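Protein chains in written order, with the working numbering: chain A, 1 to 295; chain B, 1001 to 1307. Note that CB positions come from ideal geometry on N, CA and C, so glycine has one too. Source: prediction; values computed, not measured. See structure below.
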Amino acid sequence: MIAESVTAVRPTQGWLWARHWRRGRVLRIAALAVYTLITVFPFYWMLITTFKQNSDLYSETNNPLWFNAPPTLDNIQYLLEQTRFLTWMWNSLIIGVGVVIITLVLAVPAGYALARLRLPGAEQMGIAIFATYLVPPTLLFIPLTRVVHVLGLSNTIWSLVLVLPTISIPFSIWLLMGFFKNVPFEIEEAALVDGATRSQAVFQVVLPISRAGLAAAGMFAFAISLQAFLYPLVFTSSTAVKPVTLGVVTDLVRGDLFYWGSLMAGALLAGLPVAILFNYFLDDFVEGITAGSTK
Amino acid sequence: MATLASGVAVPRTLAVPRRAAQLKGYVLVLPAVIYVLALLGFPLALGIWYSLTDTTVARDGHFIGLKNFVDALRDPTFKLALRNTLIIALVATAAKITLSVGLAFLLLGAFRGRSLLRTLFVLPWTIPVALSTIAWKWMFHSQFSVVNWILIHLGVIDQGIQWLGTPVAAMFAVILVSTWRAVPFGAIVVMAGLTALPADVLDAARVDGANWWQRFARVIVPLIAPILFIAILFDLIFTLTELTVVYLLTGGGPVDQTQVLANYALQVGVPGSELGLGAAIALFMLPVLLLLTILALRTIARREGVA
C-alpha cells in the first residue's frame, strides 16, 4: 500500500459522481472555486505585500488587491540586509539536519527490530511508541526549559537539536515499521543463505529497498523541526540563535511596529520551501497516520 | 537464523526466535526508547511534580499538594482560558470535520487539474503555522484589513470589523485560522479512507437502489468511521493544546477574551517564572488528553489486529 498514492483514484469510484455529474457539476465547480480562493488568498496576500511600497501598503483608499505604485524589492532588501534572516535560515538548516540524523540513527534500528524480528510484544511496543507522538509540547515546555538549562544548552540551537527528535522519533519508528514490514522476508533470507551476515543483509538488502521509507522519515523529521514554534520560542532568545520561523515573526516586530512588507517576505521565503518539501512526501505521512486502516 | 528462514510459512505464534536473538532485537529498540523516555517521559513526570509544588525559576519548590490547581480554578483568567480552550476545540473540530469531508468529496474522482488543486489545497497545512498565522494577522489588521476591504466591497458589511479587537470577532478569527490550517489534512485522511472503500459494497448498495444520501449515510460513513474517528481524536488532542495561533494572532486578547490554557501556561510559567503554577495550568487537560489518547490507540490497535 505504501508505494501506492493514498489519494489515487480507482476507476470504480466514478459511480459516486456519475449519476449526479451534470446536476452537481456547476455546484461542485463553484464550491471548489470558493474553497480555492480561501485557501490561496493568504499566500497571494503575502506575495503582493512583499513587493509593495510602504506608501501603497499603508493607504486606506488604495485597492489593496493590486499594485497602486510600482512594485519594489525594498522589503526583501530590508529582510536580507537589516535582519539576520540568512542566519535564521542557516540555523534552521543546521537544526533540521541534526534532527534528521538523530531521528534516523535511533528510529531505523528500532523500526527494523519491531517490524522484522518477531519480538514478543513488538506490536504493542510500536503502539506505545506511537502514543508518545500524541504528547503535545505544551505539556512539556516548562519542565524542558529546566532540563535544557541544566544541560547548559539554554539559548543555543543545540537545545532544539536535542529536544525536537522527541517529536520525530516516535512517528518515524511507526512510519518505518510499515515500510520494513513490506520488504519480503525471502529477499533477506536469500542474502543470509548466500553467506551474508545479518547486518550485511540489513545494510545491503533491506535498507536499500526501504529507501523511500527512509526518505519519508528523514523529510518528516526535517519538516517537523521547521514547523516547530513553541520550543524555539522558549529555548532561544538571542537573535543570532533563532530558527527562521521564530526569527521572522519576532524580530520584524519592534514594539507595536510591524514591518509587514518584510514580515510577509520572510514568511514566504521561509514558508514555501517547507510547504513544497512537506507536500512531496504527504502520501507517506498520511499512510503513517492512518496506519493499516487504508489496507 | 533458522527461525528467520522458517518464519514466513509458519504461523506467527510458532516463530518465536531464540532468546539471544530476541535480546539483540530489544537492544536495537533501546536507544530510541531511552531517548524518548529521557526527553519526553522524564519532563512529563517533572512537570507533574512541578504542578504539585511552588517551584519558581529562582527556587526549588516544596510539595503543596493540589494548591496550584485550586488557585488556578479561582483565577478568573484561568476560567476564561479553560472556557475558550473548550469552545475553540469543539467549534473548530466540528468545522474541520464537516469541511474536510466536504472537500474530500469535492476532490473525489479524476478530473483535470486535480493534482494541482491538491497541491494548492495542502498549502495551509504544510506551511509552518507561525508564518501563516502572521499573514492572517496582517489580513485582520485594525486599519488596513484586506478582509474588511473585500467584505465592504462585496456589500456584506458597511463598516470595518475590528477582527482582533472585539471578543467575538477575535474568537472567530482564531477558530477560522485554526480551521483553515487543518482542513487539508482532514480532507486527505478522509480521501485515504474513501479510496480504500470496497467498490463491490458500494456497487451493491447502488444496485439495491440506495440514493446518494443513503449511500453516504448508511454505507460510506460507517465504512470510513474508524479513520474519521482517529482523525477527530488527533485533532482534538492538538487543538486542545494549540498555542501558536493564539500567541501570534491575538496574544490571548483583547483582555484575555481569547486566552487559552496553553498560552496562559506560557505567560505564567515563562515570563512570569512561576513554574509550578504554569505546569499546573498546562497539565490541567491531562486527564482529557489521556482519555483521548487511549481511545485513539485502541482504535488503531484494533485496526492493526493487535487488541
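Beta-carbon proximity list for residue i, same chain, < 6 Å, skipping 5 on both sides
| i | result |
| --- | --- |
| A:THR12 | Residue placement at A:THR12 cannot be trusted, given a pLDDT of 47 that sits under 50; what the coordinates show is reported in the next sentence. Here the set comprises nothing. |
| A:ASN75 | THR50, GLY261, SER262 and ALA265 |
| B:LEU1080 | ASP1256 and GLN1259 |
| A:THR304 | No answer is possible for residue 304 of chain A: it lies beyond the span of chain A, which begins at 1 and ends at 295. |
| B:ALA1262 | THR1241 and LEU1243 |
| A:LEU73 | none |
Other residues of its chain near residue i: CB distance less than 8 Å, five sequence neighbours each side excluded
| i | result |
| --- | --- |
| B:LEU1108 | MET1191 and LEU1194 |
| A:PHE222 | GLY96, VAL97, VAL99, VAL100 and LEU277 |
| B:ILE1294 | none |
| B:LEU1283 | GLY1047, ILE1048 and SER1051 |
| B:PRO1254 | LEU1164, GLY1165, THR1166, PRO1167 and ALA1170 |
| A:ASN62 | ASP56 and ASN68 |
Partners in chain A for residue i, counting only beta-carbon separations shorter than 9 Å
| i | result |
| --- | --- |
| B:GLY1269 | PHE141, ILE142, THR145 and VAL234 |
| B:GLN1143 | TYR58 and GLU60 |
Buried or exposed (CB count within 10 angstroms, at least 16 for buried), residue i
| i | result |
| --- | --- |
| A:GLU60 | exposed |
| A:TYR44 | exposed |
| A:PHE285 | buried |
| B:ARG1083 | exposed |
| B:TRP1138 | buried |
| A:GLU201 | A quick correction: the sequence has Ala, not Glu, at residue 201 of chain A. That one is buried. |
| B:GLN1267 | buried |
| A:ILE2 | Any reading at A:ILE2 must be qualified, since the residue scores a pLDDT of 37, below 50, and its modelled position is unreliable; the value itself is stated next. The residue in question, A:ILE2, is buried, as its Cβ has 16 or more Cβ neighbours within 10 Å. |
| B:GLY1113 | exposed |
| B:GLY1186 | buried |
| B:TRP1125 | buried |
| A:GLU186 | exposed |
| B:ALA1058 | exposed |
| B:ARG1218 | exposed |
Proximal residues of chain B, C-beta to C-beta of residue i below 9 Å
| i | result |
| --- | --- |
| A:ALA107 | ALA1032 |
| A:ILE209 | Simply none; closest approach about 16 Å. |
| A:ALA110 | LEU1028, VAL1029, LEU1030, PRO1031, ALA1032 and VAL1033 |
Residues that residue i contacts on chain B, provided the C-beta gap is smaller than 7 Å
| i | result |
| --- | --- |
| A:ALA275 | LEU1123, THR1126 and ILE1127 |
| A:MET46 | ALA1135 |
| A:LEU93 | Correct list: empty, because the minimum Cβ distance to chain B is about 14 Å. |
| A:ILE127 | LEU1297, ILE1300, ALA1301 and VAL1306 |
| A:TRP90 | The premise fails here: A:TRP90 is roughly 17 Å from chain B at the closest Cβ pair, so nothing lies under 7 Å. |
| A:PRO42 | SER1132, ALA1135, TRP1136 and MET1139 |
Contact set between residue i and chain B, taken where Cβ atoms lie within less than 8 Å
| i | result |
| --- | --- |
| A:PRO170 | VAL1036 |
| A:THR36 | LEU1117, LEU1120 and PHE1121 |
| A:GLY271 | ILE1127, PRO1128, LEU1131 and SER1132 |
| A:THR39 | LEU1120, PHE1121, LEU1123, PRO1124, TRP1180 and PRO1184 |
Close beta carbons around residue i, own chain, < 7 Å, minus the five adjacent residues each side
| i | result |
| --- | --- |
| A:PRO170 | ILE129, PHE130, THR132 and TYR133 |
| A:SER210 | PHE179, PHE180 and VAL183 |
| A:LEU144 | VAL163 |
| B:PHE1078 | ALA1072, TYR1264 and ILE1281 |
| A:ARG116 | PHE180 |
| A:ALA298 | In this structure chain A extends from 1 to 295, so residue 298 of chain A is not present and cannot be described. |
| A:GLU188 | ALA201, VAL205 and VAL206 |
Enclosing alpha helix (DSSP H) for residue i [first to last residue]
| i | result |
| --- | --- |
| A:GLU188 | 185-193 |
| B:GLN1267 | 1261-1269 |
| A:THR250 | 244-251 |
| A:PHE85 | 85-116 |
| B:ASP1200 | 1199-1207 |
| A:PHE130 | 122-133 |
| A:ARG211 | 211-227 |
| B:LYS1137 | 1129-1139 |
| B:ALA1077 | According to the sequence as given, residue 1077 of chain B is Thr; it is not Ala. 1076-1106 is the span of the alpha helix (DSSP H), which, as asked, contains B:THR1077. |
| A:GLU81 | 74-82 |
Chain-ordered chain A contacts of residue i [CB-CB under 8 Å]
| i | result |
| --- | --- |
| B:TYR1026 | ALA113 and LEU119 |
Beta-carbon proximity of residue i to residue j, cut-off 8 Å
| i | j | result |
| --- | --- | --- |
| A:LEU114 | A:ILE167 | no |
| B:ASP1054 | B:HIS1062 | yes |
| A:GLY247 | A:TRP88 | yes |
| B:PHE1105 | A:PRO136 | no |
| B:THR1179 | B:LYS1096 | yes |
| A:ILE142 | B:TYR1050 | yes |
| B:ALA1032 | A:ALA228 | no |
| B:VAL1174 | B:THR1119 | no |
| A:LEU252 | A:LEU47 | no |
| B:ILE1127 | A:VAL244 | no |
| A:LEU93 | A:LEU86 | no |
| B:ALA1289 | B:THR1093 | In the sequence as displayed, the identity of residue 1289 of chain B is Leu instead of Ala. Cβ atoms of B:LEU1289 and B:THR1093: not closer than 8 Å. |
| B:VAL1129 | B:ARG1181 | yes |
Interface partners of residue i on chain A, CB under 7 Å
| i | result |
| --- | --- |
| B:ILE1237 | LEU134 and PRO136 |
| B:ILE1232 | Ordered by position in chain A, no residue passes the 7 Å Cβ test against B:ILE1232, which lies about 13 Å from the chain. |
| B:GLY1047 | LEU139, LEU140, ILE142 and PRO143 |
Proximity test, residue i beta-carbon vs the ligand MG heavy atom, cut-off 7 Å
| i | result |
| --- | --- |
| A:ALA33 | No copy of the ligand MG appears in this structure; indeed no ligand is present at all. |
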